[in-house]
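Remarks on the structure that follows.
In our numbering, the protein residues as written are 33 to 344.
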């Protein structure tokens, strides 16, 4: 039997399985992605390429586009040299390197349909290859433009969660708290939050992973205009009532925070989530207030205080 109080389980399996966590590994990463290493999948799946290109980071995306651009132009440059550099009228390269770069930059002009006119194809085979490259360029740049639009138009959340959770005074008792804020200037409305705790416990003599909901002081608000501190009252009904940090560590505790809101700008529902482990919990602490009124009486939000906590 676990040292945690048995409560009605939220779900025996939230999609992460019921196998116990070992070596203090996270179930959910702080960015909301499952902490799972996938093996045995094909190295390349064509139908998954769009998803990868739309969801990868911006630096990686531009690196992929650049590498693809260089590879395609290199292949066409090699093809022009195989056909014969003399079939490119205006190519003045004497050495193999200069001839390659003449063909490479002609390919870059052709695939982008710029066509400066300094070099032009001569002969049927070279003209056919240049025409094919122009068609490929139109398709490729249309695809790249669509990917850029898909990345910009994809609804994303800029809700930031505090790096730490704190356990501090709350209404003559203690509360488990974390803080969140919207980093964009747009309006988020109809915000709903869930807080779930998961830990290892013995059930019928077997160690398994269990999931329990944590009651919140408030789990919905109409508009997220300031920061929002989520509070789980640690009363006798709480699974962590009277538990020490060492007990939390022994049970491999992890706490999920899952948020759903309606983005008024894109008119779409957004989702975001994060997780905290026992090392992310500060005992006997509270968050510093991050908003105040200026001389004109206007509310000011100081985002530099978002992760600031103080001992109590």
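Cβ atoms here follow ideal geometry from the backbone N, Cα and C, with glycine treated the same way. Just so you know, these numbers come straight off a predicted model, no measurement behind them.
- Given a length threshold of 3 residues, the stretch 98-127 has no whole run of the beta strand (DSSP E) inside it.
- DSSP, reduced to helix, strand and coil, places residue 54 outside both helices and strands of the structure shown, so it counts as coil.
- The continuous beta strand (DSSP E) containing residue 209 extends over residues 205-214.
- Here residue 244 is bridged, per DSSP, to 229.
- Selection 107, 85, 134 evaluated against residue 97 yields 85 as nearest (Cα-Cα).
- Rounded to the nearest whole angstrom, the C-alpha separation of residue 141 and residue 120 is 13 angstroms.
- Residue environment for residue 288: buried (at least 16 other C-beta atoms within 10 angstroms of its C-beta).
- Straight-line spacing of the CA atoms in residue 113 and residue 144 works out to 20 angstroms.
- Taking the Cα positions, residue 81 is about 28 angstroms away from residue 294.
- About 15 angstroms separates the beta carbon of residue 211 from that of residue 190, a gap too long to meet the 8 angstroms contact definition.
- By the C-beta criterion, the stretch 274-290 is judged not to be in contact with the stretch 157-171, since fewer than 3 inter-stretch pairs fall below 8 angstroms.
- The three-state reading of DSSP puts residue 328 in coil, since its state is none of H, G, I, E or B.
- The beta carbon of residue 331 lies closer than 8 angstroms to those of 258, 323, 324, 325 in the same chain, with the five residues before and after it left out.
- Rounded to whole angstroms, the separation of the alpha carbons of residue 252 and residue 327 is 32 angstroms.
- By the neighbour-count criterion, in which a residue is buried when 16 or more other Cβ atoms sit within 10 angstroms of its Cβ, residue 63 is exposed.
- When the Cα atoms are used, residue 300 and residue 199 turn out to be separated by approximately 34 angstroms.
- Around the CB of residue 241, 16 or more other CB atoms lie within 10 Å, so the residue is classed as buried.
- Selection 202, 207, 193 evaluated against residue 214 yields 193 as nearest (Cα-Cα).
- Within the same chain, and ignoring the five residues on either side of residue 340 in sequence, the residues whose Cβ sits closer than 8 angstroms to its Cβ are 319, 320, 322.
- Looking at the backbone, the Cα of residue 102 and that of residue 265 are separated by about 58 angstroms.
- If you ignore the 5 residues before and after residue 286, its C-beta comes within less than 6 angstroms of the C-beta of 59, 230, 307, 309, all in its own chain and listed in chain order.
- The Cβ-Cβ distance between residue 256 and residue 225 does not fall below 8 angstroms.
- Counting C-beta atoms within 10 angstroms of its own C-beta, residue 209 has 16 or more neighbours from the protein chains shown and is therefore classed as buried.
- Taking C-beta atoms as the reference points, residue 221 and residue 296 count as a pair closer than 8 angstroms.
- Taking all protein chains shown into account, residue 284 has 16 or more neighbouring C-beta atoms within 10 Å of its C-beta and is therefore buried.
- Apart from the 5 residues on each side of it in sequence, residue 238 has no Cβ closer than 7 angstroms to any other Cβ in its chain.
- Residue 197: member of the beta strand (DSSP E) spanning 197-202, first to last residue.
- The residue among 162, 218, 109, 128 with its C-alpha nearest the C-alpha of residue 136 is 109.
- DSSP, read as helix, strand or coil, puts residue 289 in strand.
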